[in-house]
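Inspection log for the structure reproduced underneath, given as structure tokens.
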Amino acid sequence: MRSLRWCLLIWLALSAAALSAPRPTYCVLALSELTDGQALRANNGSFSVGVQIQPPLQATHRLRLLLDGQPYGPASETTRLHLLNIDRGEHSLAVQVLAADEVIQQSPTLRFTVLRVRKR
Numbered sequence: 000m001r002s003l004r005w006c007l008l009i010w011l012a013l014s015a016a017a018l019s020a021p022r023p024t025y026c027v028l029a030l031s032e033l034t035d036g037q038a039l040r041a042n043n044g045s046f047s048v049g050v051q052i053q054p055p056l057q058a059t060h061r062l063r064l065l066l067d068g069q070p071y072g073p074a075s076e077t078t079r080l081h082l083l084n085i086d087r088g089e090h091s092l093a094v095q096v097l098a099a100d101e102v103i104q105q106s107p108t109l110r111f112t113v114l115r116v117r118k119r
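Heads up, the sequence shown is in numbering that gives the first Met the number 0, so the first residue is 0 and it goes up one at a time.
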């Protein structure tokens with residue numbers, strides 16, 4: 000009987016933790032127009048990416064890119080984000096949803112290679 004009580008207490012604690020765990024605000028959050036492992040030709044190092052997000056971005060939320068693990072550019076309300084003068088070579092990119100300055104959700108990270116003309 001005592002072990003049954005302990006099992007019930009553990010089950011209740013785990014259930015409460017699962018209910019209080021934060022759930023993603025957006026069921027779809029992904030970068031579009033860029034695929035994992037893609038070689039991207041951008042001779043001046045500038046290009047843009049789209050963001051797929053469902054449901055639509057809430058009025059108090061903003062999107063911000065994460066380039067090579069670091070925040071890139073200002074947070075934005077738009078789902079088209081621009082990158083400027085990115086060096087040639089391999090990079091990683093993700094998009095974050097911010098509420099104020101807090102990250103509340105992040106997309107999967109994509110790896111890609113920027114191809115640029117070498118200047119002589």
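For every residue, glycine included, the Cβ atom is placed at its ideal position computed from N, Cα and C.
By Cβ distance below 8 Å, which residues in the same chain neighbour A20 in space, the five residues on each side in sequence not counted? Walking along the sequence shown from the start, residue 20 turns up at place 21. Low confidence applies to A20: its pLDDT is 48, below 50, so where it sits in the model is not reliable, and the reading given next is rough at best. Contacts found: none.
Out of curiosity, what's the CA-to-CA distance linking V116 and V96? In the sequence shown, counting from the first residue as 1, residue 116 sits at position 117. In the sequence shown, counting from the first residue as 1, residue 96 sits at position 97. For V116 and V96, the distance between alpha carbons rounds to 33 Å.
For L48, which option in K118, H81, V27 has the closest C-alpha, if you only look at C-alpha atoms? For the purposes of this step, residue 48 is taken as residue 49 along the sequence shown, with counting starting at 1. The sequence given here has Val at residue 48, not Leu. When only C-alpha atoms are compared, the closest one is H81.
Extent of the continuous beta strand (DSSP E) run through P73: Numbered from its first residue, the sequence shown carries residue 73 at position 74. It spans 69 to 75 - the beta strand (DSSP E) in which P73 sits, taken as one unbroken run.
Taking its Cβ as the centre, do 16 or more other Cβ atoms sit within 10 Å of V113, making it buried, or is it exposed? Here the question's residue 113 lines up with position 114 in the sequence shown. Label assigned to V113: buried.
Judging by CA-CA distance, which residue of L33, A93, D86, P107 is the nearest neighbour of G42? Here residue 42 refers to the residue found at position 43 when the sequence shown is read from its first residue. For the record, residue 42 in the displayed sequence is Asn; it is not Gly. That would be D86, whose Cα lies nearest to the Cα of N42.
Nearest-angstrom Cβ-Cβ length linking A74 and L62, presumed shorter than 8 Å: The residue given as residue 74 occupies position 75 in the sequence shown. The residue given as residue 62 occupies position 63 in the sequence shown. 7 Å between Cβ atoms; contact.
Are Q104 and T34 touching if we call contact CB-CB under 8 Å? For this step, residue 104 is matched to residue 105 along the sequence shown. For this step, residue 34 is matched to residue 35 along the sequence shown. Taking 8 Å as the Cβ cut-off, Q104 and T34 do not qualify as a contacting pair.
With a CB to CB cut of under 6 Å and the five nearest residues on each side skipped, what residues in its chain are close to Y71? For the purposes of this step, residue 71 is taken as the residue at position 72 of the sequence shown. Excluding residues within five positions, the ones whose Cβ falls inside 6 Å are L64.
G88: CB within 7 Å of a non-hydrogen atom of the ligand MN: Ligands are entirely absent from the displayed structure, and the ligand MN is therefore not among its contents.
Per DSSP, which residues does T112 bridge with? Please list them. Here residue 112 refers to the residue found at position 113 of the sequence shown. Answer is A38, E89, bridged to T112.
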